[in-house]
Amino acid sequence: MFEARLVQGNLLKKVVDAVKDLVTDANFDCSSSGFTLQAMDNSHVSLVSLSLRSDGFEHFRCDRNMSMGMSLGNLAKILKCAGNDDIVTMKAADDGDTVTFMFESPKEDRVSDFELKLMDIDSEHLGIPDTDYAATVTLPAAEYQRICRDLSSIGDTVVISATKDGVKFSSSGDVGTANITVRQNTTADKKEEQVSIDLKEPVALTFALRYLNSFAKATPLASHVSLSMARDLPVMVDYQISDMGHLRFYLAPKIED
Amino acid sequence: ADKQRNLKDYFNTV
Chain A
29 MFEARLVQGN
39 LLKKVVDAVK
49 DLVTDANFDC
59 SSSGFTLQAM
69 DNSHVSLVSL
79 SLRSDGFEHF
89 RCDRNMSMGM
99 SLGNLAKILK
109 CAGNDDIVTM
119 KAADDGDTVT
129 FMFESPKEDR
139 VSDFELKLMD
149 IDSEHLGIPD
159 TDYAATVTLP
169 AAEYQRICRD
179 LSSIGDTVVI
189 SATKDGVKFS
199 SSGDVGTANI
209 TVRQNTTADK
219 KEEQVSIDLK
229 EPVALTFALR
239 YLNSFAKATP
249 LASHVSLSMA
259 RDLPVMVDYQ
269 ISDMGHLRFY
279 LAPKIED
Chain B
16 ADKQRNLKDY
26 FNTV
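Those protein sequence lines, which keep their order, are chains A and B.
Residues in the first sequence are numbered consecutively from 29, following my numbering.
Residues in the second sequence are numbered consecutively from 16, following my numbering.
Written as structure tokens, this is what we have:
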């Protein structure tokens with residue numbers, strides 16, 4: 029039996045809304061340590077990795093490791109029926125072919141349950157090696173979303189260049205060229221405006237903006253996002269989900285032929 | 016032009 033009760037139920041809605049356009053169907057893996065998902069987009073250019081630790085749930089029970097294949101579009105439709113402040117409980121029998129979502133209003137005066145059919149999804153699991161990144165930039169998630177959106181109106185690729193002076197996002201296209209530089213400001217009076225750059229050595233990488241834009245759908249999940257880069261390696265775009273875990277995206281670079 | 020790489024050039028299937 030798998031049963032997990034999440035008091036901040038809208039977190040699940042935000043997670044699914046963040047990934048459903050990148051990945052259509054995926055396996056959610058449940059074990060005693062938590063609730064995870066790893067999936068690549070169809071072109072195998074980007075990967076999403078969700079990890080919600082069991083201790084972040086009000087109640088978490090997983091008698092036997094299980095993998096639940098779901099259509100993320102259908103899951104999003106079900107989660108749309110949850111109230112923003114509802115408590116969400118997921119339940120699935122060990123050898124069942126459905127998963128039930130129960131939504132309870134805070135005053136417990138409204139309880140609903142939705143049953144979703146599970147799917148058989150054969151997804152390959154990738155090993156993500158620990159990487160010694162040359163640069164890790166942490167900036168407000170809304171700032172990152174705005175940079176991706178603004179540059180998308182200029183071109184379809186972005187060069188992200190991290191130096192000790194700051195991190196520069198450059199794009200060019202038929203319209204023209206754009207450079208957005210964000211400088212470190214760990215002294216910003218408001219924590220949510222702080223930008224920090226952990227630089228071991230300067231690094232510059234080129235990426236397709238449409239994926240970076242898609243990752244920014246995770247903005248509601250966290251105040252900040254971290255971009256970790258190393259030469260000729262995929263970038264890791266990391267949203268920390270407070271007290272629960274993380275939603276991470278990886279994107280392969282575009283490299284001179 | 017820069018060629019879009021594939022994640023499987025970097026991460027192995029486990």
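From the three backbone atoms N, C-alpha and C, an ideal C-beta is built for every residue, glycine too.
The model shown is predicted, which means the values in this text are computed figures rather than measured ones.
- Item | Selection from A/V116, A/K108, A/G201 and A/M94 that minimises the alpha carbon distance to A/D122 | Position 94 of the first sequence, counting from 1, holds the residue named residue 122 of chain A. Just measuring C-alpha positions, the residue of A/V116, A/K108, A/G201 and A/M94 sitting nearest A/D122 is A/M94.
- Could you check where the beta strand (DSSP E) with A/D178 kicks off and where it finishes? Walking along the first sequence from the start, residue 178 of chain A turns up at place 150. Unbroken run through A/D178 is the alpha helix (DSSP H), A169 to S180; no beta strand (DSSP E).
- Message: Counting only Cβ pairs nearer than 9 Å, list the residues of chain B close to A/A236.
- Response: Here residue 236 of chain A is taken as the residue at index 208 of the first sequence, counted from 1. One finds Q19 in chain B with Cβ atoms closer than 9 Å to the Cβ of A/A236, taken in chain order.
- Output, in chain order, the set of chain B residues within a Cβ distance shorter than 8 Å of A/G111. The residue labelled residue 111 of chain A in the question sits at position 83 within the first sequence. What A/G111 touches in chain B: nothing, since even the nearest Cβ is about 37 Å away.
- Task: Compare the beta carbon distance of A/N55 and A/S151 with 8 Å and say whether it is the shorter of the two.
- Result: In the first sequence, the residue the question calls residue 55 of chain A occupies position 27. In the first sequence, the residue the question calls residue 151 of chain A occupies position 123. The answer is yes: Cβ separation under 8 Å.
- Query: With a cut-off of 8 Å, does the C-beta of A/A280 fall near any C-beta of chain B?
  - Reply: Walking along the first sequence from the start, residue 280 of chain A turns up at place 252. Among the CB atoms of chain B, one or more fall inside 8 Å of the CB of A/A280.
- Secondary structure at A/Y267, three-state DSSP: helix, strand or coil? By 1-based counting over the first sequence, the position of residue 267 of chain A is 239. Residue state, collapsed to three classes: strand.
- Count the other CB atoms within 10 Å of the CB of A/T126; is the residue buried (16 or more) or exposed (fewer)? In the first sequence, the residue the question calls residue 126 of chain A occupies position 98. Residue burial is scored here from C-beta neighbours: A/T126 has fewer than 16 other C-beta atoms within 10 angstroms and is therefore classed as exposed.
- Could you list which residues in chain B have their beta carbon closer than 8 Å to that of A/S74, in chain order? Within the first sequence, numbered from 1, the residue matching residue 74 of chain A stands at position 46. The contacting residues are L22.
- Query: How long is the line joining the alpha carbons of A/N102 and A/V263, rounded to whole angstroms?
  - Reply: Translated into positions along the first sequence, residue 102 of chain A becomes position 74. Translated into positions along the first sequence, residue 263 of chain A becomes position 235. Straight-line Cα distance between these residues: approximately 29 Å.
- Query: From A/G201 to A/T209, what does the alpha carbon distance come to, in whole angstroms?
  - Reply: If you number the first sequence from 1, residue 201 of chain A lands on position 173. If you number the first sequence from 1, residue 209 of chain A lands on position 181. In a straight line, the C-alpha of A/G201 is about 18 Å away from that of A/T209.
- Item | Closest Cα partner of A/V203 within the set A/A170, A/R211, A/Q212 and A/D184 | Taking the first residue of the first sequence as position 1, residue 203 of chain A is located at position 175. The residue with the shortest Cα to Cα distance from A/V203 is A/D184.
- Message: Quick check on DSSP: helix, strand or coil for A/Y161?
- Response: For this step, residue 161 of chain A is matched to residue 133 along the first sequence. The answer is coil: DSSP assigns A/Y161 none of H, G, I, E or B.
- Message: In the DSSP assignment, the alpha helix (DSSP H) including A/V47 goes from what residue to what residue?
- Response: The residue given as residue 47 of chain A occupies position 19 in the first sequence. N38 to V47 is the span of the alpha helix (DSSP H), which, as asked, contains A/V47.
- Message: So, does the region 127 to 144 of chain A touch the region 152 to 164 of chain A, judging by three or more C-beta pairs under 8 Å?
- Response: Because the criterion of three Cβ pairs below 8 Å is not met, the region 127 to 144 of chain A and the region 152 to 164 of chain A do not touch.
- Task: Compute the beta-carbon to beta-carbon distance between A/G37 and A/G273, rounded to the nearest angstrom, for a pair I have assumed lies under 8 Å.
- Result: Here residue 37 of chain A refers to the residue found at position 9 when the first sequence is read from its first residue. Here residue 273 of chain A refers to the residue found at position 245 when the first sequence is read from its first residue. Taking a contact as a CB-CB distance under 8 Å, the pair A/G37 and A/G273 does not count as one, their CB atoms being some 16 Å apart.
- Whole-angstrom distance between A/S199 and A/A206, CA atom to CA atom: Indexing the first sequence from 1 puts residue 206 of chain A at position 178. Indexing the first sequence from 1 puts residue 199 of chain A at position 171. Rounded to whole angstroms, A/A206 to A/S199 spans 5 Å at the Cα level.
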